[in-house]
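Start counting the sequence shown at 1; every next residue gets the next number (the UniProt record's numbering).
Here is the structure we will look at, set down as structure tokens.
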Amino acid sequence: MTQAPSSPDHARFARAAEPGTQAPIHTSSQGLLAGPVKIPTQGGTMPAYRAAPATPGPHPVVLVVQEIFGLHEHIEDVVRRLAKQGYLAIAPALYFRLGDPAQVGSIDELMQQYVYKTPDAQVLADLDATLAWVDQQQSGSANPLGITGFCWGGRITWLYAAHQPRVKAAVAWYGRLEGKTSPLAPRQPADVVGELKAPVLGLYGGQDTGIPADSVERMQAALAQHGQGDSQIHVYPEAPHAFFADYRPSYRAHDARDGWQRLLDWFQRHGVRP
């Protein structure tokens with residue numbers, strides 16, 4: 001990851017997230033084709049942020065799935081970081097039908113107004129639509145395909161790895177593994193372990209109060225039970241939730257850098273390589 005001067009203006013990120021004490025990482029778009037795009041999907045035109053090397057493609061593709069806070073500057077920066085590595089990376093705004101979650105002032109409001117109103121099936125279909133859009137841009141060459149996501153998007157990453165057979169590798173950052181289900185969220189990652197179509201690397205914090213250690217241990221046991229030996233979970237013992245989010249107090253630079261290198265190595269190992 002490349003550190004460069006960054007504006008401390010937290011409004012570019014998410015109002016509901018407590019701002020960190022240092023300037024967030026900012027990755028330059030120099031040498032990239034980067035910016036907003038629009039993707040046709042059921043129910044409207046979905047905004048997204050795309051970045052890719054300015055050199056001719058096709059490039060390997062990575063879908064980037066937003067945090068609970070939606071598509072904002074941090075997720076866009078992750079997209080640019082991947083593009084600097086030679087990927088066409090794209091992050092769709094998966095709450096777009098409901099408004100802009102980055103402007104919501106509290107986690108509780110986010111849960112009530114966005115998370116609890118967004119069906120998993122719709123999210124998976126929107127990611128499929130994003131993949132179809134990329135196919136059109138790259139003459140149908142969206143293979144190899146990887147996916148990564150953070151927090152809310154970490155959970156979705158597990159689900160998408162069980163949904164989309166074109167995924168070759170997935171990296172889920174501190175996404176919930178178990179919990180209550182509902183008509184809009186009928187299954188959790190632990191329920192789809194036997195259906196994974198690609199190896200998943202899970203990156204979790206040992207001090208994450210929302211994802212207890214026994215939940216991670218049960219997921220590891222389920223992966224072994226279902227013969228998903230290519231998938232694995234790495235736990236950073238002292239890291240809290242959102243340890244990769246460099247714009248928040250939860251950021252842990254050492255663990256974030258290590259996780260990022262593990263992500264790159266995971267994609268390389270499983271054939272999602274420039």
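Just so you know, even glycine gets a beta-carbon here, dropped at the ideal spot from N, CA and C.
Predicted, not measured: the structure shown is a model, and the values here were computed from it.
Do the segment 244–251 and the segment 210–226 make contact, defined as three or more Cβ pairs closer than 8 Å?
Output reads no: the segment 210–226 does not touch the segment 244–251.
Are three or more beta carbon pairs between the segment 127–147 and the segment 100–119 nearer than 8 Å?
Output reads no: the segment 100–119 does not touch the segment 127–147.
Cut-off 7 Å between Cβ atoms - residues of its own chain near Leu-223, not counting five sequence neighbours on either side
Taking the first residue of the sequence shown as 1, we reach residue 223 at position 223. The residues are Val-193, Ser-231.
Closest to Gly-43 by CA distance: which of Gly-153, Arg-97, Asp-265, Gln-103 is it?
One-based indexing of the sequence shown puts residue 43 at position 43. Checking every option, the nearest Cα to that of Gly-43 belongs to Arg-97.
Among Val-167, Arg-187, Lys-168, Ala-169, which one has its Cα closest to the Cα of Arg-176?
Here residue 176 is taken as the residue at index 176 of the sequence shown, counted from 1. Among Val-167, Arg-187, Lys-168, Ala-169, the Cα nearest to that of Arg-176 belongs to Arg-187.
Residue closest to Ser-106, alpha-carbon to alpha-carbon, out of Pro-24, Leu-33, Pro-240, Phe-69
Locating residue 106 in the sequence shown gives position 106, where the first residue counts as 1. With distances taken between Cα atoms, Ser-106 lies closest to Phe-69.
Quick one: complete beta strand (DSSP E) runs, 3+ long, within the segment 125–156?
DSSP runs (the beta strand (DSSP E)) wholly in the segment 125–156: 145–150.
Count the other CB atoms within 10 Å of the CB of Gln-103; is the residue buried (16 or more) or exposed (fewer)?
The residue given as residue 103 occupies position 103 in the sequence shown. With fewer than 16 other CB atoms across the displayed protein chains lying within 10 angstroms of its CB, Gln-103 is exposed.
Any idea if Pro-101 is buried or exposed, counting beta-carbon neighbours within 10 angstroms, 16 or more meaning buried?
As a first step, residue 101 is located in the sequence shown; it is residue number 101 there, counting from the start. Buried: at least 16 other Cβ atoms inside 10 Å.
Cβ of Val-64 within 8 Å of Cβ of Ala-89?
The residue given as residue 64 occupies position 64 in the sequence shown. The residue given as residue 89 occupies position 89 in the sequence shown. In contact: Val-64 and Ala-89 (Cβ atoms closer than 8 Å).
Is it right to say Glu-73 is buried, meaning 16 or more other beta carbons lie within 10 angstroms of its own, or is it exposed?
In the sequence shown, the residue the question calls residue 73 occupies position 73. That one is buried.
Is Gln-232 helix, strand or coil when you go by DSSP?
Stepping through the sequence shown from its first residue, residue 232 is reached at position 232. Gln-232 falls in the strand class under three-state DSSP.
Return the first residue and the last residue of the beta strand (DSSP E) that Ala-52 is part of.
Within the sequence shown, residue 52 is the residue found at index 52, counting from 1. DSSP places Ala-52 inside the beta strand (DSSP E), whose first and last residues are 44–53.
Distance check for Ala-213 and Thr-2, CA to CA, integer angstroms please.
As a working note, residue 2 is residue 2 in the sequence shown. As a working note, residue 213 is residue 213 in the sequence shown. Residue confidence is low: Thr-2 scores 42 on pLDDT, short of 50, so the model does not pin down where it sits. No coordinate-derived value is stated.
Please report the distance separating the alpha-carbon of Ala-198 from that of Ala-161.
Position 198 of the sequence shown, counting from 1, holds the residue named residue 198. Position 161 of the sequence shown, counting from 1, holds the residue named residue 161. Straight-line spacing of the CA atoms in Ala-198 and Ala-161 works out to 6 Å.
Taking Cβ positions, are Asp-77 and Thr-27 nearer each other than 8 Å?
Looking up residue 77 in the sequence shown gives position 77. Looking up residue 27 in the sequence shown gives position 27. Cβ atoms of Asp-77 and Thr-27: closer than 8 Å.
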